[in-house]
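Notes for the one structure printed next.
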Amino acid sequence: MAASIALKTFIGLRQSTPENNAIVLSNPTAVATSPRRRLRINASKSSPRVTGRNLRVAVVGGGPAGGCAAETLAKGGIETFLIERKMDNCKPCGGAIPLCMVGEFDLPLDIIDRRVTKMKMISPSNVAVDIGRTLKPHEYIGMVRREVLDAYLRERASTAGATVINGLFLKMDLPQSKNAPYVLHYSDYNTKTGAAGEKKTLEVDAIVGADGANSRVAKGIGAGDYEYAIAFQERIKISDDKMKYYEDLAEMYVGDDVSPDFYGWVFPKCDHVAVGTGTVTHKGDIKKFQTATRLRARDKIEGGKIIRVEAHPIPEHPRPRRVLDRVALVGDAAGYVTKCSGEGIYFAAKSGRMCAEAIVEGSENGKRMVDESDLRVYLQKWDKTYWPTYKVLDILQKVFYRSDPAREAFVEMCADEYVQRMTFDSYLYKRVVPGNPLEDLKLAVNTIGSLVRANALRKEMEKLSV
Ligand SMILES: Cc1cc2nc3c(=O)[nH]c(=O)nc-3n(C[C@H](O)[C@H](O)[C@H](O)COP(=O)(O)OP(=O)(O)OC[C@H]3O[C@@H](n4cnc5c(N)ncnc54)[C@H](O)[C@@H]3O)c2cc1C
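Quick note on numbering that gives the first Met the number 0: the sequence shown kicks off at 0 and runs consecutively.
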């Protein structure tokens, strides 16, 4: 939000993790002349040819990350296995997706429940600002049900040639020598052996871990933990009359009551609304925040019936390790949800696709073995493209979600048309939008003004509460 100035300020910064700074020596005979210089030797061209078959890759997890990875791999000539534990999985999720995802991933319009063109941002004192005023007639935020989106993406992967296995991935045995296979252990639910499934193994050359926030693949490679938010959501069926209000409208509530570090939301679905909130810092109070979110929206959802209650962790930042040898993590398993907005569907789909493209390319369409350097091509591309976005949203969250006065200032800023245009363009199209210098200057002055007022207000409030 209000991203233009912040984006410009932080563009060019790059994440500095041990992964990125590593000197990658795929060729043991190569010598690094300086310890500070990054030496990348792409060994894929000299890596052995796979004979009698194509490269085999298992994608664990059939959410947006897994579905998109599997489709790209299968289309690229890889023998692909997609393992999903629950085919009708209804991932707890608000289901908001940016417009660019519809085009980039060629999503059919009938899987989009609602096209939101009005987004209300509601301050702690209930000042509501419609932040969708600058949208062009064809622009919208898509609202999907995850059970529909995920099933569609898996189906597409299957049509492209992936073998979809309904099974629970349990663990993997690491290769015993350089190009030896990984052995995956899983419970196969396709067979008629009761709820526990039949224990099976699968040999593959590489693994894409797309198994979400509690990723077992991540554990298998010692990827390390991340801080996470807990998000809680209720699906509420409201009357047709009340549903009319949410036809093309979504709401975001900010305030200490709904969350000390995130926001509460009401997102419209086909015939009900999803009401939810999240927090990193006060996980034990999540139900209290949910009650407050429901209270804030009470006039509009009154008489509604709760038809589903769901909760799930949301990663706060990438895991310390996202690639090891021939295993790569994507989506929530890697930790790709933005702060401030809590957005992860697009980034899951995109990282799945990007990782798969790197494997297809590195293996020359499944004809050669891949190694870690091939998978790292995905990491480098990912960090270069998206790290500034993550950093900016992280900073905005720290500045604007820290107190109620700061949130009031935030909502006040959102009334500015320029802010809305920049914000929506960045969100809808996932690109850094070039700003207008004069408008940027005005925005900077207004932002400082809002924050100064917020600070003054906070001090007054502190005096009152002493
Ligand atoms: C309450 C809530 C609201 C949210 N709202 C939004 C929103 O409005 N917009 C947005 O962009 N993002 C939102 N997010 C974030 C978004 O849901 C995630 O970022 C996104 O789902 C990540 O996709 P993924 O494919 O990486 O993982 P997931 O969607 O978690 O998919 C992982 C898949 O792996 C399967 N799986 C897991 N373990 C195994 C195993 N051992 N064996 C086999 N299969 C396994 C699961 O069944 C699941 O299908 C929200 C998150 C929460 C919790």
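For each residue, glycine too, the CB sits at the ideal point set by N, CA and C.
For H316, verify whether its CB is less than 7 Å away from any heavy atom of ligand 1. As a first step, residue 316 must be located in the sequence shown, where it is residue number 317. Every heavy atom of ligand 1 is 7 Å or more from the Cβ of H316, so no.
If you draw a straight line from the alpha carbon of I77 to that of A179, how long is it in whole angstroms? Looking up residue 77 in the sequence shown gives position 78. Looking up residue 179 in the sequence shown gives position 180. Distance between the alpha carbons of I77 and A179 is about 17 Å.
Using a threshold of 8 Å, state whether the C-beta atoms of M242 and I121 are closer than that. Looking up residue 242 in the sequence shown gives position 243. Looking up residue 121 in the sequence shown gives position 122. Not a contact, by the Cβ cut-off of 8 Å.
DSSP on G303, reduced to helix/strand/coil? Here residue 303 refers to the residue found at position 304 of the sequence shown. Coil, per DSSP.
What is the DSSP secondary structure of L134, reduced to helix, strand or coil? By one-based count along the sequence shown, residue 134 stands at place 135. Of the three classes helix, strand and coil, the one that applies to L134 here is coil, per DSSP.
Taking 7 Å as the line, does the beta carbon of V59 fall inside it for any heavy atom of ligand 1? Position 60 of the sequence shown, counted from the start, is the residue given in the question as residue 59. Yes, the Cβ of V59 comes within 7 Å of a heavy atom of ligand 1.
Have a look at V359 and R430 and give me their C-alpha separation to the nearest angstrom. Taking the sequence shown and counting its residues from 1, the one referred to as residue 359 is at position 360. Taking the sequence shown and counting its residues from 1, the one referred to as residue 430 is at position 431. So the alpha carbons of these two residues sit roughly 25 Å apart.
Any idea which residues DSSP pairs S186 with across the strands? Looking up residue 186 in the sequence shown gives position 187. Paired residue(s): L167, K198.
Could you pull the start and end residues of the beta strand (DSSP E) that D129 belongs to? Counting from 1 along the sequence shown, the entry for residue 129 is found at position 130. First-last of the beta strand (DSSP E) with D129: 127-129.
Of all the beta strand (DSSP E) runs that stay within the bounds of the region 314-393, which reach a length of 3 or more residues? 326-328
Express the C-alpha separation of Y244 and F80 in angstroms, rounding to a whole number. Along the sequence shown, read from residue 1 onward, the residue named residue 80 stands at position 81. Along the sequence shown, read from residue 1 onward, the residue named residue 244 stands at position 245. C-alpha separation (whole angstroms): 43 Å.
Alpha carbons only, please: which of E411, L294, S45 is nearest the one belonging to V126? Numbered from 1 along the sequence shown, position 127 holds the residue referred to as residue 126. Per the Cα distances, E411.
In or out: R383 buried (at least 16 other Cβ within 10 Å) or exposed? Start at 1 with the first residue of the sequence shown, and residue 383 comes out as number 384. Reading off the sequence, residue 383 comes out as Lys, not Arg. Burial call: exposed.
At the level of alpha carbons, what is the spacing between S238 and E301? What you label residue 238 is simply residue 239 of the sequence shown in a count that begins at 1. What you label residue 301 is simply residue 302 of the sequence shown in a count that begins at 1. If you take the alpha carbons of S238 and E301, they lie about 9 Å apart.
Between G60 and A249, is the Cβ-Cβ spacing less than 8 Å? Within the sequence shown, the letter at position 61 stands for residue 60. Within the sequence shown, the letter at position 250 stands for residue 249. Contact flag unset, no.
Exposed unless 16 or more other CB atoms sit within 10 angstroms - verdict on V326: Numbered from 1 along the sequence shown, position 327 holds the residue referred to as residue 326. When all chains shown are included, V326 counts as buried.
Using alpha carbons as the reference points, say which of A161, V128, F168, D109 lies closest to E83. Start at 1 with the first residue of the sequence shown, and residue 83 comes out as number 84. The shortest Cα separation from E83 among A161, V128, F168, D109 belongs to F168.
Per DSSP, what are the beta-bridge partners of M118 in this structure? Within the sequence shown, residue 118 is the residue found at index 119, counting from 1. DSSP lists A249 as partners of M118.
Just to check my reading of the structure: I305 and G343 have Cβ atoms closer than 8 Å, yes? What is that Cβ distance to the nearest angstrom? Start at 1 with the first residue of the sequence shown, and residue 305 comes out as number 306. Start at 1 with the first residue of the sequence shown, and residue 343 comes out as number 344. Not really, about 24 Å apart at Cβ, beyond 8 Å.
Just checking N53 against ligand 1 - is the residue's beta carbon closer than 7 Å to any of the ligand's heavy atoms? Numbered from 1 along the sequence shown, position 54 holds the residue referred to as residue 53. No.
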